[in-house]
Structures are given as structure tokens and as C-alpha cells.
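S.K.:
Number of protein chains: 2
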Amino acid sequence: MDTKVTVRTAEVIYAELVRRIVEGQLGPGDALNEVPLAAEFGVSRTPVREALQHLSISGLAERGPRRAFVVRRTDVPMLEDLFEALGEMEALCARMAALRMTAIERHRLAATVEEADGAVRDGDHAAYSGLNARFHAAICSGAHNRALDAATQVLRMRTLPWREAQFRAAAARLESSQAEHRGILEAILAEDGEAAHRAMRGHIAASMLLVTRMARERAG
Amino acid sequence: MDTKVTVRTAEVIYAELVRRIVEGQLGPGDALNEVPLAAEFGVSRTPVREALQHLSISGLAERGPRRAFVVRRTDVPMLEDLFEALGEMEALCARMAALRMTAIERHRLAATVEEADGAVRDGDHAAYSGLNARFHAAICSGAHNRALDAATQVLRMRTLPWREAQFRAAAARLESSQAEHRGILEAILAEDGEAAHRAMRGHIAASMLLVTRMARERAG
DNA sequence: TTGCGCAGTTATGTATACATAATCAACTGA
DNA sequence: TCAGTTGATTATGTATACATAACTGCGCAA
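Line by line, the protein sequences are chains Y and C. For the first sequence, this note's numbering gives the first residue as 282, with consecutive numbering after it. For the second sequence, this note's numbering gives the first residue as 282, with consecutive numbering after it.
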């Protein structure tokens with residue numbers, strides 16, 4: 282058996298901080314000081330430091346004043362870079378997934394889209410966010426290339442805060458996003474790699490338009 | 282002024298360990314124990330730990346027996362994943378670079394290729410390795426997308442040990458590699474994105490063939 | 001002979017004390 | 001009044017001691 286009972290404290294803290302940043306509970310520029318966090322989690326600075334370094338390497342934190350870590354501030358040009366790169370890479374995944382996914386994987390993907398229909402009907406953006414993540418993750422893993430999957434996930438994590446905010450802010454985005462998902466799904470089920478590629482690129486581009494507009498409004 | 286006098290010890294150690302792994306001084310599975318490394322660098326375990334965690338996140342180290350870090354072992358299927366992903370991403374960079382590089386960047390890229398001609402003539406694979414790295418880095422940065430550049434560099438780092446070994450092992454690879462570089466360069470100078478994409482994909486695929494063959498021979 | 005279990009060994013996981021660098025603010029002198 | 005400097009403050013950087021988990025090998029019993 283290889284049941285891991287021990288969970289590394291640092292990873293728990295890392296995951297929790299990621300959650301807070303993604304959900305917007307911690308905003309850009311917010312302090313991530315070691316001592317308060319250590320006190321909050323009831324541990325010493327050591328595992329907290331580890332988590333913060335991991336966050337920094339993942340691109341979710343950066344060095345602020347007094348060398349302290351703060352939640353990473355992302356300006357509009359960087360956001361555009363991130364979404365452009367993400368769009369290309371997820372499109373790549375979609376093309377490969379259309380050609381490589383197993384029958385079971387295709388079935389699961391279709392089920393996820395079905396389930397998301399319900400969330401859209403109810404206007405439940407929290408549920409939709411989760412299903413959206415599952416949809417994209419399923420496609421990236423369906424490309425059957427672990428290196429590409431991992432590389433894409435890093436970018437997805439860095440854009441996640443904005444993508445989540447997008448659903449919270451613009452209720453109409455749920456419907457258009459879901460429609461785009463349907464298009465991607467159909468292309469994948471039809472094993473049409475080029476169509477899947479195009480559809481995914483368009484989908485991410487649509488997100489980028491909304492997100493950069495939001496970011497500009499907030500800044501201006 | 283923001284001249285940084287202080288160099289973070291952990292980063293120095295990280296860079297040194299990366300160098301050793303890339304140059305083959307440290308091979309797959311070799312132990313990366315904290316105490317001996319700390320003694321060698323004349324510091325305590327703390328900064329060494331930091332460097333090792335960074336290595337682990339970068340994909341160059343993994344957990345071995347007794348929870349200790351060891352140099353990551355990469356099997357042939359993973360190698361294929363890495364090269365496939367790298368090929369697609371560098372091809373993406375090449376396409377974008379063909380359309381976006383400035384005149385100065387194009388000029389520098391051409392100069393790098395010229396200089397590499399000399400290394401090929403002399404059969405100096407160490408020099409060629411360096412120029413090869415410069416060539417690829419120039420194209421990735423020439424795409425003018427920092428996120429894509431960063432994502433690609435992570436993959437390049439993980440394949441670097443094998444790509445270096447390739448030049449050391451197969452002298453003929455220098456010439457074919459250089460010929461492929463010329464093809465990529467010409468497409469970029471002609472601002473032909475699609476040709477650059479194709480040429481780069483082919484170039485990485487050729488590397489993959491050689492490298493996986495080497496890996497299989499070594500294993501079998 | 002083989003399987004199980006127990007202890008020894010070894011390396012990391014964690015806590016904590018102290019060192020150090022960077023910032024902020026108050027003070028001084030022109 | 002303002003610029004420059006100096007000291008207090010604050011948070012991280014580093015070292016080290018102790019806790020803990022995992023592997024290894026031995027011994028014992030079936």
C-alpha cells in the first residue's frame with residue numbers, strides 16, 4: 282500500500298493560499314507575511330516560507346517592500362501575454378485531444394458540459410466556475426501529454442483569479458462561455474482537430490477581451 | 282539606484298545545481314542530500330533546502346528514498362512527451378517571432394547562426410551548445426510574449442541535459458542541426474510564420490528521434 | 001526457507017533564536 | 001524650508017537543535 286497519511290504542512294498552506302488568491306479573498310499587492318500566516322496556521326515560519334516560495338515560483342506572488350512577499354500584481358500587458366499564451370496552448374491541447382481522447386474521456390467531457398447547462402440555467406456561477414475548470418482540465422489531460430498538461434496548468438492558475446472574477450461580474454458571460462464549450466465539445470467528438478483548435482482559441486480570446494476590459498476599467 | 286549587491290545564497294546554489302545537472306555532472310537518480318551540499322557550499326541546510334525545492338518545482342529533481350531529493354529520472358515516454366510539447370511550443374514561438382521580431386532582433390539572430398557556422402567547422406560542440414541555446418532563446422523572446430517565453434524555458438531546461446548529450450555523442454548532429462537552424466532563420470527573415478513553424482517543429486522532432494534512440498540504447 | 005516485525009540508522013520536517021538588510025521617520029544643519 | 005543622514009523598526013535570511021518518518025537489516029518464528 283502507498284496510502285499517504287502524512288500531508289506536508291507546506292503544501293496544505295500553499296493550497297490554501299492559492300485558494301484565497303484565486304477566489305479573490307487575497308487581492309493583488311496584499312501582504313503575505315510569514316509571522317502572521319504562521320500564527321494563523323499554528324505552525325512555525327519554516328513551512329510558511331516554503332509555501333510562499335512555491336507561490337512565488339508559480340507566479341502567484343512576488344517580492345514587495347521589505348523583501349516581503351505580496352500577491353502578484355498583474356498589469357494589462359502581462360494579462361494579454363498570459364491569455365495569448367494560454368489560448369495557444371489550450372488550443373494545442375484541444376487539437377490533440379480531438380485526435381487522442383479515449384471513448385471514456387469523450388463521454389466524461391460531454392457529461393461535464395451537460396452538467397454545466399444546469400449551472401447556467403440556475404445562474405450559479407460558483408458551480409459553473411468549477412465545471413469550467415473541469416472542462417478545461419479534461420481537455421488538457423485528454424491531449425495525453427503530461428508535459429504540455431503541466432505547462433498549461435501553470436498558465437491557467439495565473440489567469441484563474443481573473444477568469445473567476447469574469448463569471449462573478451458578467452452574468453451573461455456564463456451563457457456565451459457555455460455556448461463556446463459546446464462548440465469545442467462537438468469538434469472534439471467529431472475528432473476534428475483543426476475545428477477544436479479554432480474553437481478553443483476563440484473561446485480563450487473571448488475571455489481575454491472581457492478580462493482586459495475589466496482590468497482597464499478597474500485601473501482607469 | 283537599484284543595484285542589487287546581495288545575491289541570495291539559495292539562488293546561487295540553485296543555479297550551480299542546475300549547471301551540474303545540465304552538464305551531466307549529476308546524473309538521473311543521483312542523491313541531492315542537504316547536509317553534504319550544505320557542507321560543500323559552506324552554508325546551513327536552510328538555503329540548500331530552498332534550492333532543492335526550487336529544483337523540484339522546476340522538474341529537475343524528485344523525491345527519492347527516505348524523502349530525499351534525487352536528480353529526476355526521466356523515462357522514454359516522458360522524454361517523448363517533453364519533446365513533443367517543446368516542439369509545439371517552440372514552433373509557436375517561431376511563428377510569432379517571424380511576424381513580430383524587430384529588425385535588430387532579426388539581425389542578432391542571423392549573427393548567432395553565422396557564429397555557429399564556425400563552431401560546426403571546428404567541431405566544437407561545447408561552443409555549439411551555447412550558440413544553440415542562444416538561437417532558441419532569441420526566437421522564444423522574439424515572440425514578444427513573456428508568458429510563453431517562460432513556459433517554454435521550463436521545458437527547455439528539462440530537456441537540456443539530453444540535448445547537450447546529443448551533441449557530445451553524435452558529431453554529425455552538429456551539421457544537420459545547423460542546417461535546420463538556417464532553414465528556420467530564413468523563414469523568420471522572410472516573415473513567413475507558417476514556414477518558421479514547420480521548420481522549428483521538424484528541428485525539434487529530429488532532436489527527439491536522436492535523443493530517444495540514445496535513451497533506449499542506454500536503457501536496453 | 002520465508003515472512004513478519006522490531007529496532008537502528010539516516011535523512012528530512014519543524015521550531016526557534018539570532019543576524020542582517022531594507023524601509024521609514026525624525027532630526028539636524030545649511 | 002529642504003536635503004541628507006542616522007537610528008528605530010520590521011520583516012526576511014540563516015543557523016541550529018530537536019522531532020519524526022522511512023528505509024535497512026537482523027532476528028525470530030512458522
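Glycine included, every Cβ here is placed at the ideal spot set by N, Cα and C. Source: prediction; values computed, not measured.
Take every Cβ of the segment 300-315 of chain C, pair it with every Cβ of the segment 348-363 of chain C, and state whether three or more of those distances are shorter than 8 Å.
M.R.: A contact exists between the segment 300-315 of chain C and the segment 348-363 of chain C.
S.K.: Hey, is Y/Lys285's beta-carbon within less than 7 Å of any beta-carbon in chain C?
M.R.: Translated into positions along the first sequence, residue 285 of chain Y becomes position 4. In this prediction, Y/Lys285 has a pLDDT of 36, which is less than 50 and means its spatial position is unreliable; nothing more can be read from the coordinates.
S.K.: What residues in the segment 424-438 of chain Y have a beta carbon less than 7 Å from any beta carbon of chain C?
M.R.: Result list: Asn426, Arg427, Ala428, Leu429, Ala432, Val435, Leu436.
S.K.: List the residues of chain Y whose Cβ lies closer than 8 Å to the Cβ of C/Ala366, in chain order.
M.R.: Taking the first residue of the second sequence as position 1, residue 366 of chain C is located at position 85. Under the 8 Å cutoff, chain Y gives Asn426, Ala428, Leu429, Ala432.
S.K.: Using a Cβ-Cβ distance under 7 Å, would C/Leu380 count as near chain Y?
M.R.: Counting from 1 along the second sequence, the entry for residue 380 of chain C is found at position 99. No, its Cβ sits nowhere closer than 7 Å to a Cβ of chain Y.
S.K.: Use the C-beta contact count for Y/Glu365: other C-beta atoms within 10 angstroms, 16 or more gives buried, fewer gives exposed.
M.R.: By one-based count along the first sequence, residue 365 of chain Y stands at place 84. Buried, since its Cβ has 16 or more Cβ neighbours within 10 Å.
S.K.: Kindly list, in the order they appear in chain C, the residues whose Cβ is closer than 8 Å to that of Y/His335.
M.R.: Translated into positions along the first sequence, residue 335 of chain Y becomes position 54. Those within 8 Å of Y/His335 in chain C are Gln334, Ile338.
S.K.: Give the straight-line distance between the Cα atoms of C/Ser457 and C/Ala496, rounded to the nearest whole angstrom.
M.R.: Locating residue 457 of chain C in the second sequence gives position 176, counting from the first residue. Locating residue 496 of chain C in the second sequence gives position 215, counting from the first residue. Taking the straight line from one Cα to the other gives about 20 Å.
S.K.: Between Y/Met282 and C/Trp443, what straight-line distance do the alpha-carbon atoms span, to the nearest angstrom?
M.R.: Here residue 282 of chain Y refers to the residue found at position 1 when the first sequence is read from its first residue. Here residue 443 of chain C refers to the residue found at position 162 when the second sequence is read from its first residue. Any reading at Y/Met282 must be qualified, since the residue scores a pLDDT of 32, below 50, and its modelled position is unreliable; the value itself is stated next. Distance between the alpha carbons of Y/Met282 and C/Trp443: 34 Å.
S.K.: Taking a contact to mean a Cβ-Cβ separation below 7 Å, would you say C/Ala379 touches C/Gly474 in this structure?
M.R.: Here residue 379 of chain C refers to the residue found at position 98 of the second sequence. Here residue 474 of chain C refers to the residue found at position 193 of the second sequence. Yes; because the gap between Cβ atoms is below 7 Å, this pair is in contact.
S.K.: Between Y/Thr493 and chain C, is any beta-carbon pair separated by less than 7 Å?
M.R.: Translated into positions along the first sequence, residue 493 of chain Y becomes position 212. Not an interface residue.
S.K.: Name the two residues that bound the continuous alpha helix (DSSP H) containing C/Ala276.
M.R.: Because chain C here runs from 282 to 501, residue 276 of chain C falls outside it and cannot be looked at.
S.K.: Apart from the five residues on each side of it in sequence, which residues of its chain come closer than 8 Å, Cβ to Cβ, to C/Thr284?
M.R.: Taking the second sequence and counting its residues from 1, one reaches residue 284 of chain C at position 3. Caution is warranted here: a pLDDT of 33 is assigned to C/Thr284, below 50, making its placement in the model unreliable, and the coordinate value is therefore given only provisionally. The answer is none, since no qualifying residue turns up.
S.K.: In the DSSP assignment, find the unbroken alpha helix (DSSP H) run with C/Arg326 in it and report its ends.
M.R.: To locate residue 326 of chain C, count along the second sequence from 1; it is residue 45. Residues 326-339.
S.K.: Measure the Cβ-Cβ separation of Y/Ser410 and Y/Glu461 and say whether it is below 7 Å.
M.R.: In the first sequence, the residue the question calls residue 410 of chain Y occupies position 129. In the first sequence, the residue the question calls residue 461 of chain Y occupies position 180. Contact: no.
S.K.: Check the Cβ of Y/Glu369 against every Cβ in chain C and list those closer than 8 Å, keeping chain order.
M.R.: The residue labelled residue 369 of chain Y in the question sits at position 88 within the first sequence. Near Y/Glu369 (Cβ distances below 8 Å), the residues of chain C are Leu373, Leu429.
S.K.: I want to verify the contact list: residues of chain Y whose CB lies under 8 Å from the CB of C/Asp362, in sequence order.
M.R.: Indexing the second sequence from 1 puts residue 362 of chain C at position 81. Ordered by position in chain Y, the residues that pass the 8 Å Cβ test against C/Asp362 are Asn426, Arg427, Ala428, Leu429.
S.K.: If the criterion is Cβ atoms closer than 7 Å, does the pair Y/Ala400 and Y/Leu390 meet it?
M.R.: Against the first sequence, residue 400 of chain Y aligns to sequence position 119. Against the first sequence, residue 390 of chain Y aligns to sequence position 109. Contact flag unset, no.
S.K.: So, at 7 Å on beta carbons, what are the nonlocal neighbours of Y/Arg454 in its own chain, with the 5 sequence-adjacent residues on each side left out?
M.R.: On the first sequence, position 173 is the one that residue 454 of chain Y refers to. Gln447, Phe448, Leu491.
S.K.: Where in the segment 412-463 of chain C do unbroken runs of the beta strand (DSSP E), each at least 3 residues long, occur, reported from the N-terminal end onward?
M.R.: Counting only runs of 3 or more, we get nothing.
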